[in-house]
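Residue numbers (this note's numbering): 14 to 96. First up is the structure itself, then whatever we jot down about it.
This is the structure in C-alpha cells:
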C-alpha cells in the first residue's frame, strides 16, 4: 500500500473538472488535474508532498522566468523570491 504522500504529478494536463484525480504510478500515489482517465500522462516526481501542498502550489502564481514547482525534474522548487 502506498504512503499518504503524492509522489508523482502529471505536468501535461490542466484541470478538467474530473472527479478521479489520484491514481497509483510505479507503486506510489500520483495526481493529475486532468483526471486519471486522461491519455498520455507526463509524470514528474514531486519528492513526496501532501495533496494540500500540491494543490496550493499549483494555484500560486509563479514569478516571471521561474520554473513552476510542478515542472521540475525531480524535486519541488520554491517560488522565486519577490524583488
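For every residue, glycine included, the Cβ atom is placed at its ideal position computed from N, Cα and C.
Between which two residues does the beta strand (DSSP E) containing residue i stretch?
| i | result |
| --- | --- |
| residue 20 | 19-23 |
What are the residues that DSSP puts in a beta bridge with residue i?
| i | result |
| --- | --- |
| residue 53 | None, per the DSSP bridge assignment. |
In angstroms, rounded to a whole number, what distance separates the CA positions of residue i and residue j?
| i | j | result |
| --- | --- | --- |
| residue 21 | residue 38 | 7 Å |
| residue 24 | residue 35 | 14 Å |
| residue 11 | residue 31 | What is shown of the chain runs 14 to 96, which leaves residue 11 out entirely. |
| residue 60 | residue 42 | 11 Å |
| residue 53 | residue 66 | 24 Å |
| residue 64 | residue 51 | 19 Å |
| residue 16 | residue 62 | 11 Å |
Using CA atoms only, rank isn't needed, just tell me which of the options is closest to residue i.
| i | options | result |
| --- | --- | --- |
| residue 49 | 28, 61, 59 | 28 |
| residue 99 | 16, 46, 17, 61 | Residue 99 lies beyond the stretch modelled for the chain, which goes from 14 to 96, so this question has no answer here. |
| residue 71 | 52, 44, 17 | 44 |
| residue 26 | 63, 18, 64, 55 | 55 |
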